[in-house]
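Accompanying notes for the structure given below.
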Amino acid sequence: NAGVMQNPRHLVRRRGQEARLRCSPMKGHSHVYWYRQLPEEGLKFMVYLQKENIIDESGMPKERFSAEFPKEGPSILRIQQVVRGDSAAYFCASSPRGDRGETQYFGPGTRLLVL
Amino acid sequence: GENVEQHPSTLSVQEGDSAVIKCTYSDSASNYFPWYKQELGKRPQLIIDIRSNVGEKKDQRIAVTLNKTAKHFSLHITETQPEDSAVYFCAASKGSNYQLIWGAGTKLIIKP
């Protein structure tokens, strides 16, 4: 059973370009969470999605950031017009049902570097 | 909203000794407290978790204790080994779980 997959593992963008980060949850999981981790810091919740629905995007900046989890295919976190401050590790996690106290399993992360 | 504080930020212990990392939370409605271990450049991995209906949980050399009255929980690692060196994060959540609020992390260094 493959774990949570993320690609690319490393992404370099110049200021103003778009970054697309992909996350494939574990088989059988229909709940995806995106987190951002700055160097030397903990993870910060960004957005929680189920298939075709955004449940909670309260941790995501209102501008330039968007997320989706289509019926088919991976969840995508999109950052438009990237700035240097977007440089971070972006982790996604998945869980089967989104139940109370359910374990979230993390992917390997995408390390975004904005030049 | 929930706030999780974690101490210390760095902990250095002699191999074989015990390590204790403490976290406090602000929201008394929080009911799920996982601990994650993150090695350099790798993903966070769940090592142990505790729910608010128990006060202590143990798994081999790792244990977690929860004091709901004081709103704090601790990670205990006994007989530390070099491979325990990593950054450890506590987290707390309530209700539907997805809002995991993370502590800032503790860098654990095991000295040979």
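Chain order of the listed sequences is A and B.
Taking the numbering used here, the leading residue of the first sequence gets 100, the next gets one more, and so forth.
Taking the numbering used here, the leading residue of the second sequence gets 7, the next gets one more, and so forth.
We put the beta carbon where it would ideally sit given N, CA and C, even for glycine.
{"Item": "Looking only at its own chain, which residues have a Cβ that is under 7 Å from the Cβ of I56/B, when we skip the five neighbours before and after it?", "Value": "F39, K63, V70, L72, F79"}
{"Item": "Taking only beta-carbon atoms, is G127/A less than 9 Å away from chain B?", "Value": "no"}
{"Item": "Using a Cβ cut-off of 9 Å (strictly closer), state whether Y189/A contacts chain B.", "Value": "no"}
{"Item": "Provide the residue span of the beta strand (DSSP E) that contains P40/B, from first to last.", "Value": "38 to 44"}
{"Item": "According to the neighbour-count rule (16 or more other Cβ atoms, all chains shown, within 10 Å of its Cβ), is Q105/A buried or exposed?", "Value": "buried"}
{"Item": "Assuming Q136/A contacts F190/A (C-beta within less than 8 Å), just tell me the rounded distance between them.", "Value": "6 Å"}
{"Item": "Counting only beta-carbon separations shorter than 9 Å, does G165/B have a partner in chain A?", "Value": "Chain B is shown from 7 up to 118; residue 165/B falls before or after that span and cannot be answered."}
{"Item": "To the nearest angstrom, report how far apart S24/B and T84/B are at their CA atoms.", "Value": "4 Å"}
{"Item": "Determine whether the beta carbon atoms of A92/B and E21/B lie at a separation below 9 Å.", "Value": "no"}
{"Item": "Please name the residues in the stretch 145 to 179 of chain A whose beta-carbon is closer than 9 Å to at least one beta-carbon of chain B, in chain order.", "Value": "Y147, I154, D155, S157, G158"}
{"Item": "Can you list, in chain order, the residues of its chain whose CB lies under 6 Å from that of R113/A, leaving out five sequence neighbours each side?", "Value": "L214"}
{"Item": "May I ask which residues mark the beginning and end of the beta strand (DSSP E) holding M159/A?", "Value": "From DSSP, M159/A is part of no beta strand (DSSP E); its letter is neither H nor E."}
{"Item": "Measure the CB-CB distance between I107/B and F164/A and report whether it falls below 9 Å.", "Value": "no"}
{"Item": "Report the CB separation of P124/A from S193/A in whole angstroms; it is logged as a contact under 8 Å.", "Value": "3 Å"}
{"Item": "Check whether the Cβ atoms of L211/A and V182/A sit closer than 9 Å, and answer yes or no.", "Value": "no"}
{"Item": "Is the Cβ-Cβ distance between H109/A and T209/A less than 9 Å?", "Value": "yes"}
{"Item": "Among the candidates L17/B, E8/B, K28/B, T75/B, whose CA atom is the shortest distance from the CA of N59/B?", "Value": "T75/B"}
{"Item": "At the level of alpha carbons, what is the spacing between V10/B and P107/A?", "Value": "31 Å"}
{"Item": "For chain A, is any of its Cβ atoms less than 9 Å away from the one on K48/B?", "Value": "yes"}
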